[in-house]
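In our numbering, the protein residues as written are 2 to 77.
Each residue gets a CB set at the ideal place from its N, CA and C atoms; glycine is no exception.
One structure is given below, encoded as structure tokens.
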């Protein structure tokens, strides 16, 4: 192999590596965006779960007030 063909081969390899690196950087950026979206969604779901847990706790504290069978109609 002479110097010219070795330089061409090295340049081609470098170009291929740079191209692969560019694709990997793009994919990493996309994965980062998805990760941020999932993180935001998880935070929203956590907030909703806490809200429902609070409602359940309040319902457990006052079951008689929420049970229509616990109250007699006014005509009795």
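Have a look at residue i and residue j and give me their C-alpha separation to the nearest angstrom.
i, j, result
"residue 76", "residue 50", "41 angstroms"
"residue 21", "residue 5", "24 angstroms"
"residue 54", "residue 46", "12 angstroms"
"residue 56", "residue 63", "11 angstroms"
"residue 13", "residue 19", "10 angstroms"
"residue 42", "residue 36", "10 angstroms"
"residue 30", "residue 24", "10 angstroms"
"residue 48", "residue 34", "21 angstroms"
"residue 17", "residue 26", "14 angstroms"
"residue 32", "residue 44", "18 angstroms"
"residue 15", "residue 7", "12 angstroms"
"residue 28", "residue 10", "27 angstroms"
* Can you give, in chain order, each stretch of the alpha helix (DSSP H) that sits fully within the region 11-72 and has at least 4 residues? -> 64-67
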